[in-house]
Amino acid sequence: MDATNDGLRAIRAVISCPAQWRLLLALADGPQSLSTLWYQLPRHDRWHGPRALIGLWRHHLIVFHVKQRTWALSTKGAGLRPVLAAILTCTQPCTQPTGGPTK
C-alpha cells in the first residue's frame, strides 16, 4: 500500500486537470482510439480533451500508435497501473451490500 501511496503522490504532481485523470483511467483498460476516449469524457470535459492528451503525452505517460491509430499508456504510464487500479476500485459502485447497523 505504501508503494501505491508514493505512486499517487508522484502522479498528482504531474496531473493538472480532471480530464487527464479520466483519460488515464480510461487508458488503464488498454489502448483506445481518439473517438472512444472523446466519448468517455463528460460533455463539460470534452473541451479540455485535446489539451489533456497533449499534457499526458508531454509527460511521457501516454503514446500514440500510428499504425493502429490508438492512444495507450507508455512504459512510464504503465508503471502507474497499480495506482490507477486502486482508484478504479474506489470509484466503482459496490455490488455487495455493506453491513449496516443492525436493529
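Residue 64 is where the sequence shown starts when you use this note's numbering, and the numbers rise one by one after that. Cβ coordinates follow ideal geometry from the N, Cα and C atoms, glycine included. Keep in mind that this is a model prediction, so the values were computed, not measured.
{"query": "Starting from tryptophan 134, follow its DSSP beta bridges and name the residues at the other end.", "result": "Gln95, Phe127"}
{"query": "Tryptophan 84 by DSSP, collapsed to three states: which one?", "result": "helix"}
{"query": "For the alpha helix (DSSP H) that tryptophan 120 lies in, which residues bound it at each end?", "result": "112-121"}
{"query": "Straight-line CA distance for glutamine 103 to threonine 138?", "result": "23 Å"}
{"query": "Using the C-alpha atoms, what's the distance from leucine 87 back to aspartate 108?", "result": "14 Å"}
{"query": "Since glutamine 95 and threonine 152 should fall inside the 8 Å C-beta cutoff, what is the C-beta to C-beta distance between them, to a whole number of angstroms?", "result": "In fact, because the Cβ distance is near 20 Å, the residues do not count as touching under 8 Å."}
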